[in-house]
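Residues in the sequence shown are numbered consecutively from 384, following our numbering.
Beneath this line is the structure, given in structure tokens, with notes to follow.
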Amino acid sequence: MLICPDMPPRNPDLKREQSHHPRDFADFVYVYPVVSRRSGGVSIGVNLNLDKFCNFDCPYCQVDRTVPKPKQAISVPAIRAELEKLLATFDADGVCRLERFAAVPDADKRLKDIAVSGDGEPTMVPEFAEVCTMLASLQATRPELDFQLVLITNSTLLDRKNVLEGISHLLSRNGEVWAKLDAGTEEWYQKVNISRVSLDRIEANLIRLGQEHPYKIQSLFCSLDGVTPPQAERDAYLDRLRRIKAAGGEIREVQLHTLARKPAQSTCTPVTGGFLQDLRERIETGVGLPARVYGVET
Ligand code: SF4
């Protein structure tokens, strides 16, 4: 799952931490801390896809699937134990005191969120709802650490009962969903995401989720084999947003970004900042939704 990259910071130590997001930390299996400009502080990632399994095959994905990993059962108690150990490294002001972030200014390393994500689609794992319940209960034990719970999802399984249950737990306290929508036409979708789940089903999922819970959309735009998403594709993407909104799906914000790190396929290249800014303007004025561009200088 690709998290929105961030604008490059001026401080070189901060820049290094914000542009390098390794998923290995100490002897932990599931949990890792990153300094995130998008979050405005430290985001703790929970990787639920140790086997790297995903029902998308995005050419821009940064997960290296050329080295396969065996299927692994998720241990919810082990995730909680790792989180508690990591949360213990935050002081009373919520500032992370880990040695690896020593050079990062205090203001940039306060705990902001715990993000359920992974080297694949986190809602695919059977333990998803149980993990969400555990996170909500963990959050309740640490009210002094004012952090959010975030789910980063490719939106394919938002029609599953256990997934919706998990999301309800996550949002029962301070939580948020970032749902992926990268395309307007099925044709472009099958190039940029490649999935057996149709784009129409994703739209229906986003409508249903938004009728119950407001959420943010994350959209990555890139060029494929030198072809930038054409005008008809962009129009169809805006139409999808319009339909979701008209059907009562509440979208808090649309986050637009492009490639920031090396993708799986070299045929996949970033779009320009101008492309994203133009789209942002069309979303705001033509659809009436707040939109932001991440990760590019314009
Ligand atoms: S949804 Fe796409 S970017 Fe995210 S993990 Fe799956 S293949 Fe990678």
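Where is the CB? At the ideal position from N, CA and C, for every residue including glycine.
Annotation: the continuous alpha helix (DSSP H) that includes Arg617 extends over 614–629. DSSP, reduced to helix, strand and coil, places Gly501 outside both helices and strands of the structure shown, so it counts as coil. Rounded to whole angstroms, Asn430 and Asp583 show a C-alpha spacing of 28 Å. In summary, Arg480 is exposed, with fewer than 16 beta-carbon neighbours lying within 10 Å of its beta-carbon over all protein chains present.
A residue is called buried when at least 16 other Cβ atoms come within 10 angstroms of its Cβ; Ser581 does not meet this threshold and is exposed. If the five residues before and after Arg493 are omitted, its C-beta is found closer than 6 Å to the C-beta atoms of Gly424, Gly477, Val478, all from its own chain and listed in chain order. Nearest neighbour of Ala643 by Cα position, chosen from Glu636, Lys544, Val637, Thr652, turns out to be Thr652.
Ranked by how close their Cα comes to the Cα of Val450, the residues Leu433, Ile457, Ser458, Ala464 have Leu433 in first place. For Glu569, the closest of Ile550, Ile627, Arg663, Arg623 by C-alpha to C-alpha distance is Arg623. Sequence-distant partners of His552 (beyond 5 residues in either direction) whose C-beta falls short of 6 Å from its own C-beta, in its chain, are Cys515, Thr516, Ala519.
Taken atom to atom, the span from the alpha-carbon of Asn545 to that of Gly657 is near 40 Å. DSSP places Gly632 outside both helix and strand once states are collapsed to three, so it counts as coil.
Closer than 7 Å to some heavy atom of the ligand SF4: that describes the Cβ of Phe439.
By the criterion of a C-beta distance shorter than 6 Å, Asp565 is surrounded in its chain by Val575, Asn576, Ser602, Leu603, once the five residues flanking it on both sides are discounted. For Ile535, the enclosing beta strand (DSSP E) covers residues 531–536.
Residue state for Asp447 is assigned as coil, using DSSP reduced to three classes. Between the beta-carbon of Leu466 and that of Ile497 there is about 7 Å, and that keeps the pair under the 8 Å contact cut.
Per the coordinates, the alpha-carbon of Asp542 lies some 12 Å from the alpha-carbon of Thr536. Pairing Thr650 with Leu607 gives a Cβ-Cβ distance under 8 Å. When DSSP states are grouped into helix, strand and coil, Gly428 belongs to the strand group. With 16 or more neighbouring CB atoms inside 10 Å of its own CB, Gly678 falls in the buried class. Residue range 558–563 is occupied by the beta strand (DSSP E) that includes Ala562. Inter-segment contact for the region 458–474 and the region 407–425 is present: three or more beta-carbon pairs are separated by less than 8 Å. Cys444 has its Cβ nearer than 7 Å to a heavy atom of the ligand SF4. Secondary structure note for Tyr572: its alpha helix (DSSP H) is the uninterrupted segment 569–575.
In this structure, the alpha-carbon of Arg625 lies about 32 Å from that of Phe436.
In the DSSP secondary-structure assignment, Tyr415 is bridged to Gly428. A direct Cα-to-Cα measurement between Leu532 and Gly558 gives close to 4 Å. Asn430 has its CB no nearer than 7 Å to any heavy atom of the ligand SF4.
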